[in-house]
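Read in order, the letters of the sequence shown are residues -23 to -1, 1 to 347 in mature numbering (1 follows the signal peptide of the UniProt record, and there is no 0).
Report on the following structure.
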Amino acid sequence: MNSPRSWLALALLCAIGLAGALALRPGTGGPAAPVAAPPVSADGAAAADPQEARIPRGPVPPLRSAVNRPGEHGALEPMFCTRPASGRRQTPTSPPVYRWVDDQGQTHLSETPPRSYIPTVLDATGAERDFSYEILSEDTLPAQFETHLRTGAKRIYDTWHFFLGEQRLQQAHIRLQVIGDAARYAAVQAQVWPDSQPTIGFYSPLRNTAYVSFDAQRPGEAMRTAYHEISHLVSANLLGPTPPWLNEGLAEYFETMRVRGEGARFVLDRAHLQLLRRNGVPALDDLLTKDRQAWHTQRRARNYAAAWSLVHFLMQDNAGRYALKELIEQIHANFCRPFSARLALYSAYPGGTARLESEWRSWLRSQSAQ
């Protein structure tokens, strides 16, 4: 280790080690735990909120302190591009089977996916066609909580199957560590993500693991946080860096998932709707062009609410779902290359920019009036 090349190799390994963990904002749609509920200013911007940052694991104080400042973590996003690719899926021995429930409550099974629904993807052989997962916990979790976690994680990946299709999707292994003791969770966070602010959830791309604090008195909060984290973990594996509105909008959307049996539905986030009613809806172009620094320093809470509302709006009908699908396919095809997601979305949505903004705002007004 005394040669110049050896020291250079060590330096490169230390640089790679900077991509330690990405924080997840506390779950929304319900009361947040005191440790993870930052004060909100009059304009809706959260103060001193945990950063969704790639945090260095090695002892590099100057860079670590810079990364922890609001908005500056985006400088490390290109490290997504250097991570090993997700494993390729094994060639299935049989075609996938799609199951869905229509608006009349009838269950369908077919080898052809429906156009107007996002189905559950099954494999007749019982093989793990899309992804595998493990839920790690030293604590005894309620049976229903664990069942809903597994069903919800599968539903998230079913949605990605719709976005990317059978040929583009890669195998993913999801690790979710649920910690039922606050002190033990804090110790794990300090080890995995040094010098970070308190959270109720974060994830580490290098470890491919999401961490969630579980409070038996507030299981719904842990469930929402877990869905949020899983969304980020799957998105990072499949797309790498994505625009803040899409990355956070999808995670916020999946937070609103409510599991029913082997399926799920998505509910409105009333807290987000109320915030947008109080503080106004940003111009669509402004939302889509915000970079990470602006996202976390300019009306942060409103940005999250607006991103959720846009994704929820797009996912409610075929026009929006297929526009979002086309956008995600293009991001996947341009992995880690310059690409305008904003222009791609405008091009994919029927009627373009003006119609998308008009229909999004009209939908928001109709929901706020209820």
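Glycine included, C-beta positions come from ideal geometry on N, C-alpha and C.
| Item | Value |
| --- | --- |
| Strand pairing of A241, partner residues [DSSP] | V236 |
| Cβ neighbours of N295 in the same chain (closer than 8 angstroms, five flanking residues each side left out) | R92 and S93 |
| Expected contact under 8 angstroms - CB spacing of L261 and W337 to nearest Å | 7 angstroms |
| Opposing strand residues paired with E111 [DSSP bridges] | R152 |
| Y281 vs E225 beta-carbon contact at 8 angstroms | yes |
| Top-ranked residue by Cα proximity to L320, from L301, D158 and F312 | L301 |
| Nonlocal neighbours in the same chain, by C-beta distance under 6 angstroms from L113, ignoring five residues either side | Q154 |
| Three-state secondary structure (DSSP) of A193 | coil |
| Touching by the beta-carbon criterion (3+ pairs, under 8 angstroms), the region 310 to 318 and the region 211 to 230 | yes |
| DSSP-derived helix/strand/coil call for F316 | coil |
| Local conformation of R255 per DSSP, three classes | helix |
| Best match in A283, A130 and Y162 for proximity to residue 353 [C-alpha to C-alpha] | Given a span of -23 to 347 for the chain in the structure shown, any question on residue 353 remains unanswerable. |
| Buried or exposed by the 16-neighbour rule on C-beta atoms within 10 Å, applied to T84 | exposed |
| Residue burial classification, S286 (beta-carbon count within 10 angstroms, cutoff 16) | buried |
| Three-pair Cβ contact test at 8 angstroms for the region 174 to 184 versus the region 198 to 205 | yes |
| Closest residue to L333 among G297, Q307, R342 and D263 (Cα-Cα distance) | G297 |
| Local Cβ density within 10 Å of A130, reported as buried at 16 or more and exposed below that | buried |
| Exposure of E198, with buried meaning 16 or more beta-carbon neighbours within 10 Å | buried |
| Cutoff 6 angstroms; reference G82; Cβ partners in own chain excluding five residues on either side | none |
| Alpha-carbon to alpha-carbon, T136 and F312 | 19 angstroms |
| V244 classed as buried or exposed, judged by whether at least 16 other C-beta atoms fall within 10 angstroms | exposed |
| R338 - DSSP class collapsed to helix/strand/coil | helix |
| L86 burial status per 10 Å Cβ neighbour count (16 or more: buried) | exposed |
| Presumed contact (8 angstroms Cβ cut-off) between F191 and I156, rounded CB distance | 6 angstroms |
| Beta carbon of residue 348 nearer than 8 angstroms to that of L322 | This structure does not reach residue 348, given that the chain is present from -23 up to 347, and the question cannot be answered. |
| Closest Cα partner of R254 within the set F231, R132, W170 and Q344 | Q344 |
| D328 (DSSP reduced to helix, strand or coil) | According to the sequence shown, residue 328 is Gly rather than Asp. Reduced to three states, the DSSP call for G328 is coil. |
| Residue ranges of each alpha helix (DSSP H) within the region 162 to 223, 4 or longer | 196 to 216 |
| Residue span of the alpha helix (DSSP H) that contains S286, given as start and end | R277 to M292 |
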